[in-house]
Amino acid sequence: MLFLQLLVSGIQTGAIYALTAAGFALIFGATRVFHVAHGATFALAGYTFLALSQAGFPWFLGAGAALVVAVAFGLFMDFFVYRPIQRHEGSFFTVFVAAFGMSIVVQSLIEIGFGRGFAVVASPLTRAHEVLPGLYLADIFWVAIGVALVMFGAVTLFLERTRLGIGLRALSENPELLRAFGLSSRRLSMVAFGLGSALAVPGAVLTAVTSGLQPAISAQVMLVSLAAAVVGGIGSLRGAALAGLLLGVVENLVVSVLDTQWSAAAGFVVLFAFILFKPSGLFGQAVAR
Amino acid sequence: MTAYLINLATLATIFGILAASLNVLIGYAGIFSIAHAVFFGLGAYAGAQLALQFIPDVLLACLAGGAISAALSLCLALPALRVRGEYFVAASLGLQMMAVTVFSEAHSLTGGHGGLVGIPPATLFGADVSAPAPFLGFALAVLAVLLLAVRLLMRGSFGRALMAIRDSESAAEAFGKDVRALKTLAVALGCAMAGVAGALFAFYMAFVNVESFTLEQSILVMAMVIIGGTATLAGPLLGVLLLLLLPAGLSFLPFIPPTQIGAVQQLIYGLAMTLLMIFRPAGIAGGRR
């Protein structure tokens with residue numbers, strides 16, 4: 000039963016990871032920007048939700064505000080950090096360091112504003128019932144799964160059926176041709192950053208309600224989405240989502256075999272092994288060395 | 000006051016070695032490792048164990064720390080030979096996360112979270128050099144020797160071949176450079192120097208635990224190198240001075256509450272990293288590229 004319980008909580012964590020990683024993969028796929036400040040987006044959204052909930056606003060207002068803040072931060076990064084760098088040089092490490100710097104800034108601002116400790120938003124949805132003998136499930140589990148499936152379905156539909164979505168996919172494949180075709184790569188990259196950042200919001204709100212937030216969560220989320228994006232094959236949305244789910248499950252299941260201390264490292268062993276033996280990931284195209 | 004200054008100078012010297020060693024990887028070889036604290040830690044544990052088990056000779060400890068780190072640098076060289084760019088950053092992150100878990104769990108070697116305590120006072124060929132001033136002298140001598148070695152190596156054919164690889168791997172390969180051997184050597188050199196810094200650090204603190212070898216430390220050292228300026232001799236040292244004096248300087252400002260100094264310091268260096276990348280990507284000491 001312990002195994003089943005861990006599997007269930009792994010799937011719940013995995014659903015959150017999957018959505019966040021899909022946002023990261025969407026941004027990277029379309030714009031080739033390694034957006035490591037994605038974890039900061041997640042933290043900002045979570046703490047916005049937390050602040051409004053503590054101020055007594057209903058949850059949907061809090062979630063709406065979180066969405067606005069997340070999208071605004073994503074666009075801010077695109078506009079004021081990545082574009083100026085790409086204009087003059089744009090080496091990948093310059094972009095990486097700049098984004099990393101911003102996530103440090105966000106983390107320390109949160110620390111100054113909310114303190115270092117854990118903060119949780121209380122919700123009746125997190126009360127667990129016994130669904131099978133020895134297996135406890137809270138309603139939030141179904142919410143997490145449902146939200147993840149709906150959001151993922153919506154993004155897939157958007158990318159496959161709408162003109163804008165097809166434009167995004169074209170941007171990842173051939174930016175020059177896209178420009179020759181008369182589409183604006185700037186506008187499309189804004190769409191990618193907005194949408195990708197929005198994908199971090201459900202995970203942030205769910206985390207605020209379940210396991211709680213802390214300032215360092217931005218680094219943690221950044222590591223997980225990065226790992227998921229690489230394991231899934233950089234740029235592949237379903238790869239990242241599947242790998243995110245996998246990482247969540249592995250992280251939880253490891254506890255049944257080893258001490259809990261090893262659970263965070265387990266995901267990175269998977270990551271390291273993938274980079275050494277199959278750098279193209281689950282669904283990626285082969286990369287040139 | 001002089002004791003305080005000598006202490007600060009010793010710490011700056013140790014971090015100077017560490018930053019110079021990371022500069023070999025980032026600046027000259029173009030290997031963007033964010034796992035450097037791992038090798039700093041390996042050197043520290045090796046030096047501490049040597050002092051605790053056998054003989055507290057600081058020169059021997061430096062050699063042992065350097066040797067262990069160089070040997071285990073293969074863990075970093077392996078992904079460096081297989082992948083580049085984002086993938087390598089992800090791999091080094093994975094290595095860093097795994098190493099922290101190993102450091103805190105391998106109790107017999109590292110003392111776990113409690114660390115290794117009671118490292119005996121440093122001696123050199125039997126003479127006691129543990130007093131602050133002689134120890135600073137020894138550390139400075141090590142820094143000078145290593146800087147001279149880096150300068151000579153980087154001016155010679157090794158360094159020029161390395162920089163050729165950094166700028167264009169395929170061009171260097173076409174010129175008949177052995178890319179694999181050169182990269183492996185550069186990684187071993189950088190990591191060995193980090194190990195030496197680690198051994199000095201162990202004697203300086205008389206205590207080591209995993210807290211000094213986390214991802215935050217790796218990022219701090221990276222920030223030192225980047226803010227100072229990569230691929231220059233003076234840049235990393237300048238970065239070390241700036242980032243070590245920052246907390247000391249901030250504590251003199253009356254309007255910052257003492258509990259927030261850590262967060263404010265992080266805020267400043269995060270902001271400095273981002274702004275430098277936007278406006279002056281070669282760092283303070285670096286020329287215009």
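Protein sequence lines, in the order shown, are assigned to chains A and B.
FYI, numbering that gives the first Met the number 0 numbers position 54 of the first sequence as 53, with every residue one higher than the one before it.
FYI, numbering that gives the first Met the number 0 numbers position 91 of the second sequence as 90, with every residue one higher than the one before it.
Yeah, the Cβ is synthetic: ideal placement off N, Cα and C, and Gly gets one too.
What you are looking at is a predicted structure, and each value in this text was computed from that prediction instead of being measured.
Any residues in the stretch 80–102 of chain A with a beta carbon nearer than 9 Å to a beta carbon of chain B? Which ones, in chain order?
Val80, Pro83, Ile84, His87, Glu88, Ser90, Phe91, Phe92, Thr93, Val94, Phe95, Val96, Ala97, Ala98, Phe99, Gly100, Met101, Ser102
Less than 8 Å between the beta carbons of cysteine 61/B and valine 239/B, yes or no?
no
For phenylalanine 206/B, write down the residues that DSSP places opposite it in a beta bridge.
Val116/B
Min CB distance alanine 230/B to chain A below 8 Å
no
Find the residues of chain B that neighbour valine 223/A, judging by a C-beta separation of less than 9 Å, and give them in chain order.
Simply none; closest approach about 11 Å.
CB of alanine 263/A within 8 Å of CB of threonine 258/B, strictly
no
Just confirm the distance between the C-beta atoms of serine 32/B and leucine 41/B, as a whole number of angstroms; I'd bet it's less than 8 Å.
That belief does not hold up - the Cβ atoms of serine 32/B and leucine 41/B are roughly 14 Å apart, past 8 Å.
If we call anything under 8 Å between Cβ atoms a contact, is phenylalanine 87/B one with isoleucine 164/B?
no
Environment of threonine 161/A [buried if 16+ CB atoms lie within 10 Å]
exposed
Return the Cβ separation of threonine 122/B and aspartate 166/B in integer angstroms, given the expectation that the two are a contact with Cβ distance under 8 Å.
Between aspartate 166/B and threonine 122/B the Cβ distance is about 45 Å, and since that is not below 8 Å, they are no contact.
Quick check on phenylalanine 41/A - is its C-beta less than 8 Å from some C-beta in chain B?
no
Alanine 118/A beta carbon less than 8 Å from that of leucine 176/A:
no
Here's the rule I'm using: 16 or more other beta-carbon atoms within 10 Å means buried, otherwise exposed. How should methionine 0/B be labelled?
exposed
Might you give, ordered along the chain, the residues of its own chain that have their beta carbon closer than 6 Å to the beta carbon of glycine 26/B, omitting 5 neighbours on each side?
Thr229, Ala230
Distance cutoff 8 Å, beta carbons only. Does alanine 64/A sit that close to anything in chain B?
no
Of all the options Val144/B, Ala143/B, Ala180/B, Ala148/B, which has the alpha carbon lying nearest to the alpha carbon of leucine 161/B?
Ala180/B
Are the beta-carbon atoms of glycine 28/A and serine 122/A separated by less than 8 Å?
no
Any beta carbon from chain B within less than 8 Å of tryptophan 261/A's own beta carbon?
yes
Reducing DSSP to helix, strand and coil, say where alanine 118/A ends up.
strand
Taking a cut of 9 Å between CB atoms, which residues from the stretch 79–94 of chain B lie near chain A?
Leu80, Arg81, Val82, Arg83, Gly84, Glu85, Tyr86, Phe87, Val88, Ala89, Ala90, Leu92, Gly93, Leu94
From the DSSP output, in three-state form, read off leucine 198/A for me.
coil
Report the residues of the stretch 268–279 of chain B with a CB closer than 9 Å to any CB of chain A, ordered along the chain.
Tyr268, Gly269, Leu270, Ala271, Met272, Thr273, Leu274, Leu275, Met276, Ile277, Phe278
State the Cα-Cα distance for the pair arginine 186/A and leucine 163/A, rounded to the nearest angstrom.
10 Å
Quick check on this structure: which residue in Ser250/B, Ile5/B, Val149/B has the alpha carbon closest to the alpha carbon of proline 235/B?
Val149/B
Closer than 9 Å at the beta carbon, the chain A residues around methionine 204/B:
Simply none; closest approach about 24 Å.
For the beta strand (DSSP E) containing leucine 212/A, list its first residue and its last residue.
Note, leucine 212/A: premise wrong, no beta strand (DSSP E); not H, not E.
Under 8 Å, Cβ to Cβ, is there at least one residue of chain A near leucine 108/B?
no
At the level of alpha carbons, what is the spacing between alanine 17/A and leucine 225/A?
11 Å
So, alanine 64/A versus leucine 49/A, is the Cβ gap smaller than 8 Å?
no
Burial state of lysine 277/A, where buried means 16 or more other Cβ atoms lie within 10 Å
exposed
Is the Cβ of alanine 262/B closer than 8 Å to any Cβ of chain A?
yes
Between the beta-carbon of leucine 115/B and the beta-carbon of methionine 192/B, is there less than 8 Å?
no
Give a yes or no on whether 8 Å exceeds the smallest Cβ distance from leucine 77/B to chain C.
The structure shown contains no chain C; its protein chains are A and B.
From leucine 205/A to isoleucine 15/A, what does the alpha carbon distance come to, in whole angstroms?
8 Å
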